[in-house]
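Quick note on numbering: our numbering labels position 24 of the sequence shown as 25, and the sequence is numbered without any gaps. The beta carbon of each residue, even a glycine, is placed where N, CA and C say it ideally should be. Here the structure is a predicted model, which is why all the values come from computation and not from measurement.
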Amino acid sequence: MGFSFFPKEIQFFDLFTEQYAKLSEAVTVLNSIFQEFVDVEDKCKSINLIEETGNAVARSIAKQLSMTFITPIDREDIHDINIAQEDLLNLIKAISTRIGLYDFTVVKFPSKRLVKNLSLMVEEVGRMQLRLRERKNVEENAKKIKALKYECEMVLLVALGEVYDLKLQGFETVMEIVKWTHIYDRIEQAVNQAERLADIIEGVVLKNA
Numbered sequence: 002m003g004f005s006f007f008p009k010e011i012q013f014f015d016l017f018t019e020q021y022a023k024l025s026e027a028v029t030v031l032n033s034i035f036q037e038f039v040d041v042e043d044k045c046k047s048i049n050l051i052e053e054t055g056n057a058v059a060r061s062i063a064k065q066l067s068m069t070f071i072t073p074i075d076r077e078d079i080h081d082i083n084i085a086q087e088d089l090l091n092l093i094k095a096i097s098t099r100i101g102l103y104d105f106t107v108v109k110f111p112s113k114r115l116v117k118n119l120s121l122m123v124e125e126v127g128r129m130q131l132r133l134r135e136r137k138n139v140e141e142n143a144k145k146i147k148a149l150k151y152e153c154e155m156v157l158l159v160a161l162g163e164v165y166d167l168k169l170q171g172f173e174t175v176m177e178i179v180k181w182t183h184i185y186d187r188i189e190q191a192v193n194q195a196e197r198l199a200d201i202i203e204g205v206v207l208k209n210a
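Okay, here's the thing in structure tokens:
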């Protein structure tokens, strides 16, 4: 085998696609938990496994980046997209972990809407990644994500109002408030992170237009 002084070209867009596939898979399972609320324990375990695989892809991207001289987009942009996708996947796991831990018998309607919107935001991020690879405009995708984020903010206000409107009737009611506050906090973080990921991709597209 001949030796080349030139490193092989790393297909970072392929790695991003692989990483995004895990993100999409995880949010799909999470949405299934909230919409159907069956087989919750098994679905939470599934998200844990998906997150482990996704984190392995993130480490691979970071390693390849450290060994590569020539990249299709700026190195810091590759780093930012990688970390943003990894962080979002971790937040999805954090939501599922709490749902599995808190032993709910039902989930509140606003949480269903919020997680559905999160799922739609992640779908739109996937379209933005494809358009980034093709050097196409992502303005419309970014607008859809902003609109979904705004709707989530409104739903979250209603959701928290509903939680804190519970009439205190002892320890169980207090714990109900605490548990749902934690759930909504992680969902809000995930929604914000999805918007941040979209902002990063939009910025990269504009930079390379």
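- In its chain, beyond the 5 residues on either side, 19, 20 have a beta carbon closer than 6 Å to the beta carbon of residue 58.
- Between residue 150 and residue 192, the gap from beta carbon to beta carbon is short of 8 Å.
- For the 8 Å CB-CB criterion, residue 202 and residue 133 form a contact.
- Closest by C-alpha distance to residue 102, out of 33, 65, 184, 36, is 184.
- By the C-beta criterion, the segment 15-35 is judged to be in contact with the segment 45-63, since at least 3 inter-stretch pairs fall below 8 Å.
- Residue 179 is classed as exposed because its beta carbon has fewer than 16 other beta carbons within 10 Å across all chains shown.
- In summary, residue 209 is exposed, with fewer than 16 beta-carbon neighbours lying within 10 Å of its beta-carbon over all protein chains present.
- Secondary structure of residue 136 (DSSP, three-state): coil.
- When rounded, the separation of the alpha-carbon atoms in residue 63 and residue 196 is 22 Å.
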